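Undergrad:
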Amino acid sequence: MKRKQFAIVLSSTFLAAAVILSSCGKPTTTTLHFAATGSSGEMKVLSWATIMQADLADTIIRVVNEPAWTNAYKDMAQSQMALCQIDKSTMRDCIEAINEYASSDGGPWLAGLVWIDSLAATGFMVRGNSDIYKPEDIKPGTRIAIWNDKSATLSPFRSLLAWAGVDEKDIVWVNTGDYDACPRAVADGRADICMAAPVSPAVLEASNAPGGVRYISLNPADNPTGAAAFLEISPLYNFGPITVGPKSVIGTWGIISYKYLGSNLATDADLIYQLVKWLDENYDKYCNAYESNAQMTLNDLLEVMETTYLPLHPGLIKYLKEKGIWKADYERRNEVNTILLQRYIDSYQDAMREAAAQGVDIKPNNDRWIEFWENYKAAHQIPIIQMHVNLTQDATPIMPPGYVPPGTTAGL
Numbered sequence: 015m016k017r018k019q020f021a022i023v024l025s026s027t028f029l030a031a032a033v034i035l036s037s038c039g040k041p042t043t044t045t046l047h048f049a050a051t052g053s054s055g056e057m058k059v060l061s062w063a064t065i066m067q068a069d070l071a072d073t074i075i076r077v078v079n080e081p082a083w084t085n086a087y088k089d090m091a092q093s094q095m096a097l098c099q100i101d102k103s104t105m106r107d108c109i110e111a112i113n114e115y116a117s118s119d120g121g122p123w124l125a126g127l128v129w130i131d132s133l134a135a136t137g138f139m140v141r142g143n144s145d146i147y148k149p150e151d152i153k154p155g156t157r158i159a160i161w162n163d164k165s166a167t168l169s170p171f172r173s174l175l176a177w178a179g180v181d182e183k184d185i186v187w188v189n190t191g192d193y194d195a196c197p198r199a200v201a202d203g204r205a206d207i208c209m210a211a212p213v214s215p216a217v218l219e220a221s222n223a224p225g226g227v228r229y230i231s232l233n234p235a236d237n238p239t240g241a242a243a244f245l246e247i248s249p250l251y252n253f254g255p256i257t258v259g260p261k262s263v264i265g266t267w268g269i270i271s272y273k274y275l276g277s278n279l280a281t282d283a284d285l286i287y288q289l290v291k292w293l294d295e296n297y298d299k300y301c302n303a304y305e306s307n308a309q310m311t312l313n314d315l316l317e318v319m320e321t322t323y324l325p326l327h328p329g330l331i332k333y334l335k336e337k338g339i340w341k342a343d344y345e346r347r348n349e350v351n352t353i354l355l356q357r358y359i360d361s362y363q364d365a366m367r368e369a370a371a372q373g374v375d376i377k378p379n380n381d382r383w384i385e386f387w388e389n390y391k392a393a394h395q396i397p398i399i400q401m402h403v404n405l406t407q408d409a410t411p412i413m414p415p416g417y418v419p420p421g422t423t424a425g426l
């Protein structure tokens, strides 16, 4: 799928750090790329980026619709984007180089938190007349629509099936090849379940079909054991009532999680500082431009800073210091997060060198390489990525399982 770009010409005076001067001393137009994922992500970023035009000058912002998180993160790793939407679960997979992220040009990179994208709600959509109300209603033969069969895509579905107690081999997988096509497949009866954000245009479209739509209830109080099984596979998710989307889904418990705006830590700190400053000081201008913009406040950012595993971008830190918010606990937590991220980056590069020296092809579909990297993490006891408990209590380190002593694994 080709990624789409939307150019927004802006008018301002304060992005001096991003303005390139021509040989005659006159400023030339600077282009900044903001990465968004999917149609809802694209609309979300456009909703506030277009409003920046009242304040920015000599700048073009291109909102790039990336077809997948893997593409977005690779572009960020190569500093091709000034900002990028970040999903904390897929970013965890990227840092740990799990499955499709375990490529020679993938894996961990210098990711830094810049701001809050949204308190996003998602979940599993069914038709309004469906017999599936809760995970336990899923039975063998249920048809689930997916947009690709990559591990990162399948992981939340596997979590749902773990709650339901159904083997994924007993599911009929309907690969539509496109995220927006999944709700349509459910609405027209080709599938029974899909995963989609309730604010996405495809869900709003499906809600107007005969029978409408509902979401499967994921209230952990209804089945604590099932919810625990879900979180065993997807530990960075939270559950809560859906507050946006079609009326038929409001109040249903789904997956609730903050999404971030991030940047490469190497991106110019003054540029990020100015973007952060604009996002904070101009909140009233864009808060009503999109439903989930309401959660793009400084207070939401501070809540995320309590538990996030990502380091903060130096440009954000500069702004927080200017505001008098930065304190010793933030400094300590940021150091903890930075050390672990850098450990993953260094370890991944080292593992690729060792594997290549042994003739192992660095490809995510090569079982030898996946086994090599997983054993490397276990042998070097690199903790898995987790959210922290609060600002002063770090996550208890959990080491990767499955370490196989040298000489006992075939093929390595």
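All residue numbers for the sequence shown refer to our numbering, where the first residue is 15 and numbers rise by one.
For every residue, glycine included, the Cβ atom is placed at its ideal position computed from N, Cα and C.
The model shown is predicted, which means the values in this text are computed figures rather than measured ones.
From Leu97, Ala86, Asp145, pick the residue whose C-alpha is nearest to that of Gly120; which is it?
TA: Ala86
Undergrad: Here's the rule I'm using: 16 or more other beta-carbon atoms within 10 Å means buried, otherwise exposed. How should Lys341 be labelled?
TA: exposed
Undergrad: To the nearest angstrom, report how far apart Arg347 and Asp163 are at their CA atoms.
TA: 36 Å
Undergrad: Given a cut-off of 8 Å on the beta-carbon distance, is the pair Leu127 and Leu326 in contact?
TA: Closer than 8 Å, so yes.
Undergrad: Closer than 7 Å by C-beta to Gly225: which residues in its own chain qualify, once you throw out the five before and the five after it? Chain order, please.
TA: So the list reads Arg141, Gly142, Asn143, once near-sequence residues are dropped.
Undergrad: Give me the Cβ distance between Ile269 and Leu232, rounded to the nearest whole Å; I'm assuming they're in contact under 8 Å.
TA: 7 Å
Undergrad: Using DSSP with H/G/I as helix, E/B as strand and the rest coil, what is Pro197?
TA: Helix, per DSSP.
Undergrad: Roughly how many angstroms separate the alpha carbons of Leu258 and Met90, rounded to a whole number?
TA: The identity of residue 258 in the sequence shown is Val, whereas the question assumes Leu. Those two C-alpha atoms are separated by around 29 Å.
Undergrad: Compute the distance between the beta-carbons of Pro234 and Met139, then report whether it is under 8 Å.
TA: no
Undergrad: Could you give the first and the last residue of the continuous alpha helix (DSSP H) run that contains Asn85?
TA: 83 to 91
Undergrad: Residues in its own chain within less than 8 Å of Pro415 by CB, not counting five upstream and five downstream?
TA: Once the five neighbours on either side are set aside, the close Cβ partners of Pro415 are Ala392.
Undergrad: Cα separation between Gln309 and Asn237?
TA: For the pair Gln309 and Asn237, the Cα-to-Cα distance works out to about 29 Å.
Undergrad: Are Ser9 and Ser277 closer than 8 Å when you measure CB to CB?
TA: Only positions 15 to 426 of the chain appear in the structure, and residue 9 is not among them; the question remains open.
Undergrad: Taking C-alpha atoms, which residue in Gly155, Ala199, Ile207 lies nearest to Lys183?
TA: Gly155
Undergrad: Taking Cys108 as part of the alpha helix (DSSP H), name the residues at either end of that continuous run.
TA: 102 to 109
Undergrad: If you count every other CB in all the chains shown that lies within 10 Å of the CB of Ala369, and 16 or more means buried, which is it?
TA: Per the 10 Å Cβ criterion, buried.
Undergrad: Identify every run of the beta strand (DSSP E) within the region 337 to 378, keeping only runs that are complete inside it and at least 3 residues long; order them along the chain.
TA: none
Undergrad: Pick out whichever of Ala280, Leu245, Glu336 has its Cα sitting closest to the Cα of Ala176.
TA: The option with the nearest alpha carbon to Ala176 is Leu245.
Undergrad: Going straight from the alpha carbon of Gln14 to that of Tyr272, what length do you get?
TA: Since the first and last residues shown for the chain are 15 and 426, residue 14 lies out of range.
Undergrad: Mark Leu24 as exposed unless 16 or more other C-beta atoms lie within 10 angstroms of its C-beta, in which case mark it buried.
TA: Unreliable positioning characterises Leu24 in this predicted model, as indicated by a pLDDT of 37, which lies under 50. The coordinate reading is nonetheless provided below. Buried: at least 16 other Cβ atoms inside 10 Å.
Undergrad: Report the partner residues of Cys208 according to the DSSP bridge assignment.
TA: Met139
Undergrad: Alpha helix (DSSP H) containing Pro255: first to last residue?
TA: Element bounds for Pro255: not the alpha helix (DSSP H) but the beta strand (DSSP E), 252 to 255.
Undergrad: Who are the Cβ neighbours of Trp62 in its own chain at under 7 Å, not counting the five residues just before and after it?
TA: Tyr300, Ala303, Asn307
Undergrad: Just checking, does the region 189 to 207 make contact with the region 100 to 120 on the three C-beta pairs under 8 Å criterion?
TA: no
Undergrad: How big is the Cα-Cα spacing for Asp364 and Phe386?
TA: 12 Å
Undergrad: Would you check whether the ligand SAH has a heavy atom nearer than 7 Å to the C-beta of Ile247?
TA: In the structure shown, the ligand SAH is absent, as is every other ligand, since no ligand is present at all.
Undergrad: Beta carbon of Tyr509, beta carbon of Met319: below 8 Å?
TA: Any property of residue 509 remains undetermined from this structure, which presents the chain solely from 15 to 426.
Undergrad: Going by other Cβ atoms of all chains shown within 10 Å of its Cβ, with 16 needed for buried, is Cys38 buried or exposed?
TA: Confidence is the limiting factor: at Cys38 the pLDDT is only 44, short of 50, which leaves the residue's position unreliable and the question unanswerable from this model.
Undergrad: So what's Leu324 in DSSP terms, helix, strand or just coil?
TA: Secondary structure of Leu324 (DSSP, three-state): coil.
Undergrad: Short of 6 Å in beta carbon distance, which residues of its chain neighbour Ala30, apart from the five on each side in sequence? Order them along the chain.
TA: Low local confidence applies: a pLDDT of 40 at Ala30 is under 50, so the model's placement there is unreliable, with the coordinate-based value given in what follows. Nothing listed; no residue qualifies.
Undergrad: Quick one: grab the DSSP three-state call for Asp131.
TA: Annotated three-state conformation of Asp131 is strand, per DSSP.
Undergrad: On the criterion of 16 or more Cβ atoms from any shown chain inside 10 Å, does Asp72 qualify as buried, or is it exposed?
TA: Classification of Asp72: buried, given that the 10 Å Cβ count is 16 or more.
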